[in-house]
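In what follows, a structure is listed as structure tokens, so that the remarks can point back to it.
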Amino acid sequence: MSATAILDLQLKPESVETFHNWLKENLADTRAYEGCQSLVVYSNKEDPTNVIIYEIWDSVEHHQKYVAWREEDGTLATFAENLAAPPSIRYFDHLDI
Numbered sequence: 044m045s046a047t048a049i050l051d052l053q054l055k056p057e058s059v060e061t062f063h064n065w066l067k068e069n070l071a072d073t074r075a076y077e078g079c080q081s082l083v084v085y086s087n088k089e090d091p092t093n094v095i096i097y098e099i100w101d102s103v104e105h106h107q108k109y110v111a112w113r114e115e116d117g118t119l120a121t122f123a124e125n126l127a128a129p130p131s132i133r134y135f136d137h138l139d140i
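Everything in the sequence shown is counted per our numbering, starting at 44 for the first residue and increasing by one.
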């Protein structure tokens, strides 16, 4: 069963545009990573410093392997420089209701 990962980010106000550009440059690798089924980025209409990344992966383990890879290659450090607070990540199962 696939797993949905929701990453909730609070950006530094001065980093919004820089972060959006950074995502444009880096998300192709994420979408191509083994196990990534889809990835969509949302910006809060009332607070543009709040960004949600909605991801569907083959499994939680696939996502965690991806995160470990990004940590090893230094990408997460650059990612974190744009954040005003630690990110929140939650995993969900799809309920076929």
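Positions of the beta carbon are idealized from the N, C-alpha and C atoms, including for glycine. A quick note: this is a predicted structure, and the numbers were derived from the prediction, not measured.
Cβ-Cβ distance between residue i and residue j below 8 Å
i	j	result
Tyr134	Ala46	yes
Leu54	Ala127	yes
Pro130	Leu52	yes
Short CB-CB distance (under 8 Å) between residue i and chain D
i	result
Phe135	No chain D appears in this structure, which consists of one protein chain only.
Separation of residue j from residue i, as counted between CA atoms
i	j	result
Tyr85	His105	22 Å
Where residue i falls, given that 16 or more other Cβ within 10 Å makes a residue buried
i	result
Val94	buried
Thr121	exposed
Ala75	exposed
Closest Cα partner of residue i within the set the options
i	options	result
Cys79	Ser102, His137, Thr118, Asn125	Ser102
Leu50	Gln107, Thr61, Pro56	Gln107
Glu77	Trp112, Thr118, Asp139, Ile132	Trp112
Close-in-space but distant-in-sequence residues of the same chain around residue i (CB under 6 Å, 5 per side omitted)
i	result
Ser81	Ile99
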